[in-house]
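To start, the structure itself, in structure tokens.
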Amino acid sequence: MTDLAPADRTHLLTVVMAVEAALRQLMKPDKINLASFGNMVPHLHWHVIPRHTDDPHFPESVWGPIQRTGAVRVAPDNSVLASAIDSHLAAHATALTQQPR
Numbered sequence: 001m002t003d004l005a006p007a008d009r010t011h012l013l014t015v016v017m018a019v020e021a022a023l024r025q026l027m028k029p030d031k032i033n034l035a036s037f038g039n040m041v042p043h044l045h046w047h048v049i050p051r052h053t054d055d056p057h058f059p060e061s062v063w064g065p066i067q068r069t070g071a072v073r074v075a076p077d078n079s080v081l082a083s084a085i086d087s088h089l090a091a092h093a094t095a096l097t098q099q100p101r
């Protein structure tokens, strides 16, 4: 993140927060985890992970040890979720595109 120009960093975080807002609205999670890695190959990407207190790993990370077994929530179809996120972002496009760059 520190390799980005300040305006680009601000814009990126605005987009990450918009994706989080879309997931909160669409999936009604108890929490959202945000993660950015790049340990092996220099690159930039973010994980925006909706969490529910009854998920098998909660309160550990989704990569952590399983804490419980039981019913697993059915995740929305990826294409449906992507379309819903796109619609949410389009509805908020003005705020996303007015960031200084």
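In the UniProt record's numbering, the protein residues as written are 1 to 101.
We put the beta carbon where it would ideally sit given N, CA and C, even for glycine.
Small disclaimer: the values here were computed from a predicted structure and weren't measured.
Which parts of the region 11–70 are runs of the beta strand (DSSP E), unbroken and 3 residues or longer, counting only runs that do not cross its ends? 31–36 and 46–51
Between Gln-67 and His-52, how many whole angstroms is the CB-CB distance? I'm expecting something under 8 Å. Rounded, the Cβ-Cβ distance is 12 Å, inconsistent with contact.
Where Thr-2 sits in the DSSP three-state scheme: coil
Check for me: the alpha helix (DSSP H) holding His-88 runs from which residue to which? 78–91
For His-92 and Ile-49, what's the separation of their Cα atoms in angstroms? 20 Å
Check Arg-9 in the structure and name its three-state DSSP category. helix
Top-ranked residue by Cα proximity to Ala-75, from Pro-59, Arg-9 and Asp-55: Asp-55
Evaluate the contact criterion for the region 72–90 versus the region 29–36: three or more CB pairs, one atom per stretch, below 8 Å. no
Rounded separation between residue 103 and Trp-46 - CA only: What the structure shows of the chain is the stretch from 1 to 101, and residue 103 is not part of that stretch, so it cannot be assessed.
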